[in-house]
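Structure, as C-alpha coordinates:
Residue numbers (my numbering): 63 to 158.
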(Lines of atoms letter the chains of each structure in order from A and count residues from 1; the text may use other names and numbers.)
(Lines give C-alpha, C1' and ligand atoms only; values in the text may rest on other atoms or scores of the structure.)
Protein backbone atom coordinates (compact mmCIF):
# COMPACT_ATOMS: atom_id res chain seq x y z
CA UNK A 1 0.00 0.00 0.00
CA UNK A 2 2.79 2.43 0.85
CA UNK A 3 4.54 1.87 -2.46
CA UNK A 4 1.35 2.69 -4.31
CA UNK A 5 1.08 5.92 -2.34
CA UNK A 6 4.69 6.80 -3.17
CA UNK A 7 4.07 6.07 -6.85
CA UNK A 8 1.06 8.38 -6.85
CA UNK A 9 3.14 11.12 -5.22
CA UNK A 10 5.88 10.65 -7.82
CA UNK A 11 3.34 10.94 -10.62
CA UNK A 12 1.98 14.15 -9.09
CA UNK A 13 5.49 15.55 -8.67
CA UNK A 14 6.52 14.82 -12.27
CA UNK A 15 3.27 16.24 -13.63
CA UNK A 16 3.70 19.34 -11.48
CA UNK A 17 7.22 19.90 -12.77
CA UNK A 18 6.09 19.50 -16.38
CA UNK A 19 3.17 21.85 -15.81
CA UNK A 20 5.47 24.45 -14.24
CA UNK A 21 7.88 24.21 -17.15
CA UNK A 22 5.05 24.67 -19.67
CA UNK A 23 3.67 27.61 -17.69
CA UNK A 24 7.08 29.28 -17.56
CA UNK A 25 7.42 28.86 -21.33
CA UNK A 26 3.98 30.36 -21.85
CA UNK A 27 4.45 33.35 -19.56
CA UNK A 28 8.09 34.30 -19.90
CA UNK A 29 9.21 33.36 -23.40
CA UNK A 30 8.01 35.88 -25.95
CA UNK A 31 6.39 34.57 -29.10
CA UNK A 32 5.23 31.22 -27.72
CA UNK A 33 1.98 29.95 -29.21
CA UNK A 34 -0.52 30.38 -26.37
CA UNK A 35 -2.98 27.80 -27.70
CA UNK A 36 -0.31 25.12 -27.97
CA UNK A 37 0.87 25.89 -24.44
CA UNK A 38 -2.69 25.68 -23.09
CA UNK A 39 -3.29 22.38 -24.88
CA UNK A 40 -0.02 21.02 -23.53
CA UNK A 41 -0.90 22.03 -19.97
CA UNK A 42 -4.32 20.38 -20.31
CA UNK A 43 -2.59 17.24 -21.59
CA UNK A 44 -0.29 17.25 -18.55
CA UNK A 45 -3.25 17.49 -16.18
CA UNK A 46 -5.03 14.65 -18.00
CA UNK A 47 -1.85 12.59 -17.79
CA UNK A 48 -1.68 13.12 -14.04
CA UNK A 49 -5.30 12.12 -13.50
CA UNK A 50 -5.19 9.04 -15.71
CA UNK A 51 -1.93 7.67 -14.31
CA UNK A 52 -2.98 8.18 -10.70
CA UNK A 53 -6.18 6.26 -11.44
CA UNK A 54 -4.16 3.53 -13.17
CA UNK A 55 -1.78 3.31 -10.19
CA UNK A 56 -4.69 2.75 -7.83
CA UNK A 57 -6.35 -0.09 -9.74
CA UNK A 58 -3.90 -2.82 -10.83
CA UNK A 59 -5.01 -5.83 -12.84
CA UNK A 60 -5.00 -9.25 -11.17
CA UNK A 61 -4.64 -8.23 -7.54
CA UNK A 62 -4.22 -11.84 -6.40
CA UNK A 63 -1.41 -12.72 -8.81
CA UNK A 64 1.86 -11.02 -7.85
CA UNK A 65 3.43 -11.57 -11.27
CA UNK A 66 0.54 -9.84 -13.02
CA UNK A 67 0.68 -6.93 -10.58
CA UNK A 68 4.44 -6.60 -11.02
CA UNK A 69 4.08 -6.58 -14.81
CA UNK A 70 1.21 -4.10 -14.55
CA UNK A 71 3.29 -1.60 -12.57
CA UNK A 72 6.32 -2.14 -14.80
CA UNK A 73 4.17 -1.32 -17.84
CA UNK A 74 2.69 1.67 -16.00
CA UNK A 75 6.15 3.08 -15.27
CA UNK A 76 7.29 2.52 -18.87
CA UNK A 77 4.18 4.22 -20.25
CA UNK A 78 4.61 7.12 -17.84
CA UNK A 79 8.26 7.56 -18.80
CA UNK A 80 7.43 7.52 -22.52
CA UNK A 81 4.64 10.05 -22.03
CA UNK A 82 6.83 12.33 -19.90
CA UNK A 83 9.59 12.23 -22.52
CA UNK A 84 7.11 13.09 -25.27
CA UNK A 85 5.72 16.03 -23.30
CA UNK A 86 9.23 17.26 -22.44
CA UNK A 87 10.09 17.20 -26.14
CA UNK A 88 6.94 19.18 -26.91
CA UNK A 89 7.87 21.75 -24.26
CA UNK A 90 11.29 22.05 -25.89
CA UNK A 91 9.67 22.56 -29.29
CA UNK A 92 7.29 25.09 -27.77
CA UNK A 93 10.18 27.25 -26.59
CA UNK A 94 11.93 26.94 -29.98
CA UNK A 95 8.86 28.01 -31.99
CA UNK A 96 9.25 31.70 -31.24
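Built from N, CA and C at the ideal position, the CB exists for glycine as well.
It should be emphasised that the depicted structure is a prediction, and the values quoted were computed from it without experimental measurement.
| field | Residue-chain proximity (residue 78, chain D), Cβ-Cβ < 9 Å | value | Among the chains of the structure shown, chain D does not appear; only one protein chain is present.
| request: Indicate whether the contact test is met: 3 or more Cβ pairs, each with one atom in the region 87–103 and one in the region 124–133, closer than 8 Å. | output: no
| query | Hey, how far is the Cα of residue 109 from the Cα of residue 101? | reply | Counting from 1 along the chain shown, the entry for residue 109 is found at position 47. Counting from 1 along the chain shown, the entry for residue 101 is found at position 39. Residue 109 and residue 101: Cα-Cα distance of roughly 12 Å.
| request: Specify the secondary structure class of residue 151 as computed by DSSP and reduced to three states. | output: Within the chain shown, residue 151 is the residue found at index 89, counting from 1. Looking at residue 151 - three-state DSSP - the assignment turns out to be helix.
| From residue 117 to residue 66, what distance separates their C-alpha atoms? | Mapped onto the chain shown, residue 117 falls at position 55. Mapped onto the chain shown, residue 66 falls at position 4. Approximately 7 Å, taken between the alpha carbons.
| query | Which residue comes first and which comes last in the alpha helix (DSSP H) that contains residue 98? | reply | By one-based count along the chain shown, residue 98 stands at place 36. Taken as a continuous stretch (DSSP letters only), the alpha helix (DSSP H) holding residue 98 covers 96–118.
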